[in-house]
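Counting in my numbering, the sequence shown runs from 8 upward without gaps.
So the structure is just underneath, and the comments pick up after that.
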Amino acid sequence: MKKKLIVANWKLNGNIEMISNYLKFLKNNLLSNLNKNIIVIAPPNIYLERTYQSIKKINIFLGAQNVDVNLKGAFTGEVSVLMLKDIGVKYVIIGHSERRILHNETDNFVAKKFHLIKNSNLIPILCIGETEKEKKNGKTQKVIEKQLNCIFQILGEKAFRNAVIAYEPIWAIGTGVSADPEYVQIIHKFIRNYIQKNDSVSKNVIIQYGGSVSSLNTKEFIQQEDIDGLLIGSASLHAKEFLKIIKISCSID
Ligand code: 13P
């Protein structure tokens with residue numbers, strides 16, 4: 008049974024009532040044996056602590072959707088990795104395409120965050136992936152190499168030990184049209200081989216897929232050899248649907 012990481016990225020969604028009902032449902036229905044599956048919920052920052060209070064006694068970990076590049080100081084409106092750690096966060100999503108596109112985050116900026124997260128002994132979930140145009144022009148692998156190289160440049164060859172990569176092709180996010188699982192397998196294999204060239208231990212890095220995942224396609228993705236988990240947006244907003252995804256993943260060796 009391979010280790011799989013199933014992460015709910017709620018993005019800018021949820022409120023107190025939704026979260027309370029959602030977590031109650033999961034608490035009452037989560038499998039007692041998750042078969043090496045690790046479950047993470049990443050709510051908006053303002054609900055992190057509330058979520059942590061509900062999940063800390065069950066087998067679910069807390070994730071954040073972003074973090075600042077500074078640890079403390081005069082940075083109005085930001086949240087640091089030390090603060091996230093302080094309230095129970097274990098995983099931090101960085102480099103999501105929505106942040107790269109809407110907030111102009113560069114590879115270098117994302118790499119700095121990756122460094123801070125690792126230094127604080129939290130686990131970065133580094134999102135990478137190509138646009139539709141880049142895919143059409145056959146540039147997917149070049150784009151991914153560039154995104155990974157920036158991390159290697161700052162952290163050296165062991166960069167991806169105890170880290171997570173989420174391959175999220177931008178064209179598959181929020182569209183309802185996921186990438187083909189066999190295509191994703193090819194890209195994941197490429198990512199793993201590329202990382203192995205630098206560090207043979209890091210080749211065991213968890214590589215998740217994200218982009219229009221639902222309970223209908225979970226099985227096909229998880230069955231692929233190099234897909235070690237899923238990063239789920241809209242389908243993770245519904246507790247029943249998220250539980251279905253967890254159950255399918257737990258049933259696959
Ligand atoms: P969707 O599952 O809504 O396509 O979002 C994927 C995603 O961006 C997860 O980080």
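We treat Cβ as the ideally placed atom computed from N, Cα and C, and that holds for glycine.
- In this structure, the C-beta of Gly102 stays at least 7 Å away from each heavy atom of the ligand 13P.
- Here Pro51 is not bridged, per DSSP, to any residue.
- With contacts defined by Cβ atoms closer than 8 Å, Ala242 and Ser258 do not form a contacting pair.
- For Pro131, the three-state secondary structure derived from DSSP is strand.
- Ile202 and Glu24 have their alpha carbons spaced roughly 42 Å apart.
- Shortest Cα-Cα distance from Ile214 to any of Thr225, Lys226, Leu238 involves Leu238.
- Distance from the Cα of Ile158 is smallest, within the candidate group Gly183, Lys97, Phe197, Asn205, for Asn205.
- Gln215: member of the beta strand (DSSP E) spanning 213-217, first to last residue.
- Shown here, Leu12 sits in a strand according to DSSP, grouped into three states.
- Between Ile130 and Lys97 a beta carbon distance of about 6 Å is seen, short of the 8 Å cut, so the two are scored as contacting.
- Counting C-beta pairs closer than 8 Å gives three or more between the segment 127-144 and the segment 173-187, which meets the contact rule.
- In the same chain as His103, and ignoring 5 residues on each side of it, the C-beta atoms closer than 6 Å to its own belong to Cys134, in chain order.
- Lys64 and Lys18 have their C-alpha atoms roughly 24 Å apart.
- Closest by C-alpha distance to Tyr216, out of Ser185, Gly95, Gln60, is Ser185.
- By the Cβ-count criterion, His195 is buried, with 16 or more other Cβ atoms from all chains shown falling within 10 Å of its own Cβ.
- Straight through space, the alpha carbons of Lys254 and Leu38 are spaced by roughly 8 Å.
- Counting along the chain, Lys204 sits inside the alpha helix (DSSP H) bounded by residues 188-205.
- Taking the C-beta atoms as reference points, Ala49 is found nearer than 8 Å to Gly70.
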